[in-house]
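S.K.: Here our numbering is used: the first residue of the sequence shown is 2, the next is one more, and so on. Following this message is one structure expressed as structure tokens.
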Amino acid sequence: MKTLAFCLLLTCGLAHAEVYKYIDANGNVTFTNVPIKGAKPMHLAPLSTYGGSGKGKAAASGKSASTPDGYPSVDNGTQTKRDEGRRKILENELANEQKALADAQKAYTDGAATRNGDETRNYQKYLDRVQKLKDAVTERQKNVDALRRELGQSSSSAQ
Numbered sequence: 002m003k004t005l006a007f008c009l010l011l012t013c014g015l016a017h018a019e020v021y022k023y024i025d026a027n028g029n030v031t032f033t034n035v036p037i038k039g040a041k042p043m044h045l046a047p048l049s050t051y052g053g054s055g056k057g058k059a060a061a062s063g064k065s066a067s068t069p070d071g072y073p074s075v076d077n078g079t080q081t082k083r084d085e086g087r088r089k090i091l092e093n094e095l096a097n098e099q100k101a102l103a104d105a106q107k108a109y110t111d112g113a114a115t116r117n118g119d120e121t122r123n124y125q126k127y128l129d130r131v132q133k134l135k136d137a138v139t140e141r142q143k144n145v146d147a148l149r150r151e152l153g154q155s156s157s158s159a160q
């Protein structure tokens, strides 16, 4: 909560508001834009900002906004080859993640069906172990979904 308040106060700094730091007797730190007795003003460096409109120096000067000054451009053939290589890499990663997902799902199914050693007496150990297996399945599924999105394929979140 304090971090959120601090970030909001930093944002206020963009509007040239003064930010004060106050430390109470218990060591609690408070950032505020209201001067408190004993608070010290913070001298913050201005934050860099980037325009979200897509209009910058390039648009103002009439140049293409796709490549900045001095940045090398790539012809379409080279870019197509790069895109194909990237696609192959992503497809290989997807195949690997799908295999890992299948392995994780099998480990979860097998692991949930049995209790090991002292798990018969300590049910929480069983639950913790099975939860780790389930988390592994969820993580692999997220990776598969992300790779499919990157490749522009439809995603199926069925577990």
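C-beta atoms are modelled at their ideal positions from N, C-alpha and C, and glycine is treated no differently.
1) Can you list, in chain order, the residues of its chain with a C-beta nearer than 8 Å to that of I37? Leave out the 5 residues immediately preceding and following it.
2) Can you grab the Cα-Cα spacing for the pair Y127 / Q106, in whole Å?
3) Distance, Cα to Cα, Q99 vs V145?
4) Beta-carbon separation of L102 and V138 under 9 Å?
5) For K38, which of helix, strand or coil comes out of DSSP?
6) Round the Cβ separation of A18 and N34 to the nearest angstrom and send it over; I've been treating them as touching at under 8 Å.
7) Assign Y21 to one of three DSSP states: helix, strand, or coil.
8) Grab the span of the beta strand (DSSP E) containing V30 for me, first residue to last.
9) Can you tell me the Cα-Cα spacing of D84 and Y109, whole angstroms?
10) Tell me whether R88 is buried or exposed, calling it buried when 16 or more other Cβ atoms sit within 10 Å of its Cβ.
11) Would you kindly check if the distance between the Cβ of R149 and the Cβ of L95 is under 9 Å?
12) For A59 and Q80, what's the separation of their Cα atoms in angstroms?
13) For the alpha helix (DSSP H) containing T121, list its first residue and its last residue.
M.R.: Checking against the coordinates, here is how it stands:
1) Y21, Y23, T31
2) 17 Å
3) 6 Å
4) yes
5) coil
6) 5 Å
7) strand
8) 30-33
9) 36 Å
10) exposed
11) yes
12) Residue confidence for A59 is low, a pLDDT of 47 falling below 50, so the modelled location carries little weight; the figure read from the coordinates is stated next. Distance between the alpha carbons of A59 and Q80: 22 Å.
13) Looking at the DSSP string, T121 is not in any alpha helix (DSSP H), and its letter there is neither H nor E.
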